[in-house]
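Each remark here refers to the structure printed beneath this line.
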Amino acid sequence: MLRPGLVVLSMVVFPLAEPASTENPLRVTTDSSAYCLELASRFAGQPGATAEPVRSLAEEGQRLCENGHVRTGIAKLRRALRASQQAGG
Amino acid sequence: MVLWWNTAGALDRQVEAAIRADATALQERRRAGDIAALVAAVEDRLAVDVQNEALYLLLTAEGRRLAGNLSTWPTEANAESPWIRIPLQRDGAVSEARLLRVDLGDGHRLLVGRDVAEKLRLRGLLSEGIAWAASASAALAVLGAWLLRRALENRLRPIYRTAAAIGTGDLTRRVPLSERGDEFDKLGATMNAMLDRIAQLMEGVRGVSDAIAHDLRTPIARARAKLEEALVSAQDEEALRAAVEQGIADLDGIARVFKAVLRIAEVEAGARRAAFAPIDLAPVLTDMAELYGASAEAQDQHLEAELDETLPLVGDRDLLAQAVVNLLDNALKFTPEGGTVRLAAHRLDDVLEIAVADDGPGMPPADRQRAGERFFRADSARTTPGSGLGLSLVRAVATLHGGEVALSDTHPGAERPGLTVTLRLPAS
Numbered sequence: 001m002l003r004p005g006l007v008v009l010s011m012v013v014f015p016l017a018e019p020a021s022t023e024n025p026l027r028v029t030t031d032s033s034a035y036c037l038e039l040a041s042r043f044a045g046q047p048g049a050t051a052e053p054v055r056s057l058a059e060e061g062q063r064l065c066e067n068g069h070v071r072t073g074i075a076k077l078r079r080a081l082r083a084s085q086q087a088g089g
Numbered sequence: 090m091v092l093w094w095n096t097a098g099a100l101d102r103q104v105e106a107a108i109r110a111d112a113t114a115l116q117e118r119r120r121a122g123d124i125a126a127l128v129a130a131v132e133d134r135l136a137v138d139v140q141n142e143a144l145y146l147l148l149t150a151e152g153r154r155l156a157g158n159l160s161t162w163p164t165e166a167n168a169e170s171p172w173i174r175i176p177l178q179r180d181g182a183v184s185e186a187r188l189l190r191v192d193l194g195d196g197h198r199l200l201v202g203r204d205v206a207e208k209l210r211l212r213g214l215l216s217e218g219i220a221w222a223a224s225a226s227a228a229l230a231v232l233g234a235w236l237l238r239r240a241l242e243n244r245l246r247p248i249y250r251t252a253a254a255i256g257t258g259d260l261t262r263r264v265p266l267s268e269r270g271d272e273f274d275k276l277g278a279t280m281n282a283m284l285d286r287i288a289q290l291m292e293g294v295r296g297v298s299d300a301i302a303h304d305l306r307t308p309i310a311r312a313r314a315k316l317e318e319a320l321v322s323a324q325d326e327e328a329l330r331a332a333v334e335q336g337i338a339d340l341d342g343i344a345r346v347f348k349a350v351l352r353i354a355e356v357e358a359g360a361r362r363a364a365f366a367p368i369d370l371a372p373v374l375t376d377m378a379e380l381y382g383a384s385a386e387a388q389d390q391h392l393e394a395e396l397d398e399t400l401p402l403v404g405d406r407d408l409l410a411q412a413v414v415n416l417l418d419n420a421l422k423f424t425p426e427g428g429t430v431r432l433a434a435h436r437l438d439d440v441l442e443i444a445v446a447d448d449g450p451g452m453p454p455a456d457r458q459r460a461g462e463r464f465f466r467a468d469s470a471r472t473t474p475g476s477g478l479g480l481s482l483v484r485a486v487a488t489l490h491g492g493e494v495a496l497s498d499t500h501p502g503a504e505r506p507g508l509t510v511t512l513r514l515p516a517s
């Protein structure tokens with residue numbers, strides 16, 4: 001009920017929010033199993049990859065990727081990578 | 090608008106600031122090393138992007154992809170403006186990307202951006218909240234204004250109805266007052282006081298017109314009759330001259346009455362207030378007591394004065410002196426031979442009391458109410474000369490000075506009670 005009003009309000013009040021182009025929408029290439037493997041490989045090369053709890057976090061990420069939960073798995077692997085980099089200084 | 094600028098608008102600015110900072114850091118990396126260092130920096134950033142919002146695309150001059158997570162270089166990125174807003178396909182859902190084109194200067198092309206879907210959702214929620222809040226505020230404001238207007242109309246209706254009735258000539262109407270004692274009641278009470286005053290003044294004007302018509306017609310007719318009689322019956326020039334002189338004296342008396350009426354009108358209009366100054370009445374009254382004391386002695390009367398050393402007040406010296414002169418004239422006129430007139434003036438806190446007391450016949454309480462009216466003369470005074478204007482001037486002078494006049498018996502209960510006229514004025 002309110003949505004049409006909000007659209008009109010947005011057009012009047014938020015002129016900076018110009019509509020995005022709908023031709024050839026971009027895709028994100030990192031939401032894929034291939035990138036999941038790439039992250040796992042990158043994690044394995046980290047100096048603190050065997051330390052806990054980051055190792056378990058990375059393993060859980062890989063498992064999620066293998067089970068089809070790619071975005072969640074990638075998020076876990078990225079957390080593990082960040083944690084291992086912070087631990088390694 | 091301000092609320093939106095501080096909330097939803099801040100999200101946009103925050104995203105743009107993060108993109109700009111990221112792009113600047115990557116440009117610095119490119120300047121510091123070769124293209125491989127830039128590729129590594131982009132890949133490192135993507136590898137630790139836990140929020141999964143970062144977007145990059147690095148191409149060679151030939152369009153070969155070196156790093157990044159965007160599928161293609163969008164044609165919109167070749168526009169003049171470096172900032173792009175473009176739909177983004179993600180897991181089958183359409184999101185939105187905010188991108189900044191960075192010119193690296195060596196033919197390589199770089200896009201840096203963020204997936205702003207979450208920010209847009211948050212902004213939508215905030216905008217919806219603001220819209221609801223603004224609508225509710227507007228509704229409350231309209232309701233409040235309507236209630237206020239209704240309440241004001243209800244309170245003002247008696248006032249403008251009264252004003253309308255007065256405007257059509259019904260001067261008896263007054264504003265009905267509630268028991269609240271608020272500003273509207275004060276306004277109504279002030280209007281009523283104003284209307285009372287106007288009615289009083291109009292009554293006074295009517296009274297003066299009537300009085301002039303009645304009280305001056307007699308002396309004019311009398312003077313005319315005397316002159317006519319002299320014209321017909323004067324035996325010689327001497328008798329005629331005497332009659333003319335008498336006629337002139339009569340006309341002078343009428344002129345004096347007119348002058349007195351005009352002066353009272355002038356005092357009542359407040360025109361003399363501009364001449365107010367701090368004065369001490371004590372020396373004025375002392376001189377008056379000496380002057381009238383001699384006059385009283387000549388008629389075998391006594392004038393006793395009892396005055397404070399100083400009697401300070403703010404007022405018009407001439408008018409106050411004239412008022413006291415009128416009181417002394419009246420007192421001496423009604424006091425029999427051997428009688429005493431007392432002039433007393435004291436300061437009592439913030440009030441100056443000037444009292445003139447005589448041993449005359451006094452005035453019945455019923456007449457005292459009318460004693461200040463122009464041309465009013467009590468029955469007991471009909472036989473004594475006078476115009477009936479002396480006490481009117483005294484009352485007008487007292488009112489002009491914010492004071493009052495009180496009449497009382499000098500000797501209560503006596504056969505000849507006498508009259509004491511007390512003039513109460515605010516002291517300075």
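Protein chains in written order, with this note's numbering: chain V, 1 to 89; chain D, 90 to 517.
C-beta atoms are modelled at their ideal positions from N, C-alpha and C, and glycine is treated no differently.
In this text the structure is predicted, and so the values were computed from the model without any measurement.
Restricting attention to D:514, D:336, D:449 and D:492, the CA atom closest to the CA of residue 504 (chain D) is found in D:449. Using a CB distance cut-off of 8 Å, residue 225 (chain D) does not count as an interface residue toward chain V.
Going by beta carbons, residue 177 (chain D) and residue 25 (chain V) fall inside the 8 Å limit.
With respect to the 8 Å criterion, residue 401 (chain D) and residue 517 (chain D) are classified as neighbours on the basis of their beta carbons. Beta-bridge analysis with DSSP links residue 432 (chain D) to D:394 and D:445. Among the bridge pairs identified by DSSP, residue 368 (chain D) is matched with D:402. Our two residues, residue 165 (chain D) and residue 180 (chain D), have alpha carbons roughly 22 Å apart in a direct line. Assignment of residue 508 (chain D) by DSSP, reduced to helix, strand and coil, places it in the coil class. Looking at the DSSP output, residue 192 (chain D) shares a beta bridge with D:198. In its chain, beyond the 5 residues on either side, 415, 418 and 419 have a beta carbon closer than 7 Å to the beta carbon of residue 479 (chain D). Within the same chain, 36, 61, 62, 64 and 65 come within 7 Å of residue 73 (chain V) by CB-CB distance, once the 5 residues on both sides are set aside. Residues of the segment 202 to 225 of chain D with a C-beta atom less than 8 Å from some C-beta of chain V are 204, 213, 216, 217, 220 and 221, listed in chain order.
As computed with DSSP, residue 174 (chain D) is found in a beta bridge with D:187. In chain order, 176, 177, 178 and 183 make up the part of chain D whose C-beta sits under 7 Å from the C-beta of residue 25 (chain V). Remark: C-beta atoms of residue 445 (chain D) and residue 430 (chain D) approach each other more closely than 8 Å.
Residue 423 (chain D) sits away from residue 389 (chain D), with the two beta carbons spaced by 8 Å or more. Nearest in C-alpha terms to residue 113 (chain D), of all of D:335, D:331 and D:200, is D:200.
As a beta-bridge residue in DSSP terms, residue 497 (chain D) pairs with D:509. Scanning its chain for C-beta atoms nearer than 7 Å, with the 5 sequence neighbours on each side dropped, one finds around residue 130 (chain D) the residues 115 and 118, in chain order.
The DSSP assignment places 306 to 322 as complete runs of the alpha helix (DSSP H) inside the segment 285 to 323 of chain D, in order along the chain (cut-off: 4 residues).
A straight line joining the alpha-carbon of residue 138 (chain D) with that of residue 233 (chain D) spans about 52 Å.
Going by beta carbons, residue 421 (chain D) and residue 374 (chain D) fall outside the 8 Å limit. The C-beta separation of residue 508 (chain D) from residue 487 (chain D) comes to about 16 Å, leaving the pair out of contact by the 8 Å criterion. Counting only Cβ-Cβ distances below 7 Å, residue 62 (chain V) has no contacts in chain D at all, with the closest Cβ about 15 Å away. Close CB contacts of residue 280 (chain D) within its chain, under the 6 Å cut and outside five residues either way in sequence, are with 264 (chain order). Comparing C-alpha distances from residue 498 (chain D) to each of D:456, D:483 and D:492 shows the shortest one belongs to D:456.
Residue range 479 to 489 is occupied by the alpha helix (DSSP H) that includes residue 482 (chain D).
If you draw a 10 Å sphere on the C-beta of residue 294 (chain D), you find fewer than 16 other C-beta atoms in it, and that means exposed. When the Cα atoms are used, residue 41 (chain V) and residue 105 (chain D) turn out to be separated by approximately 32 Å. Counting only residues of its own chain and dropping the five nearest sequence neighbours on each side, residue 500 (chain D) has a CB closer than 7 Å to the CB of 506 and 507.
Its chain contains 390, 391, 447, 448 and 449 as the residues whose beta carbon lies nearer than 8 Å to that of residue 428 (chain D), once the 5 sequence neighbours on both sides are disregarded; these appear in chain order. In the structure shown, residue 244 (chain D) adopts helical secondary structure according to DSSP, grouped into three states.
Beta-carbon to beta-carbon, residue 353 (chain D) and residue 482 (chain D) are separated by about 5 Å, close enough to satisfy the 8 Å threshold. Identification of chain V residues near residue 135 (chain D) by a Cβ-Cβ cut-off of 7 Å yields 30, ordered along the chain. DSSP places residue 515 (chain D) in the strand class (E or B) of the three-state scheme. The shortest C-alpha to C-alpha distance from residue 403 (chain D) to any of D:454, D:492 and D:144 is the one to D:492.
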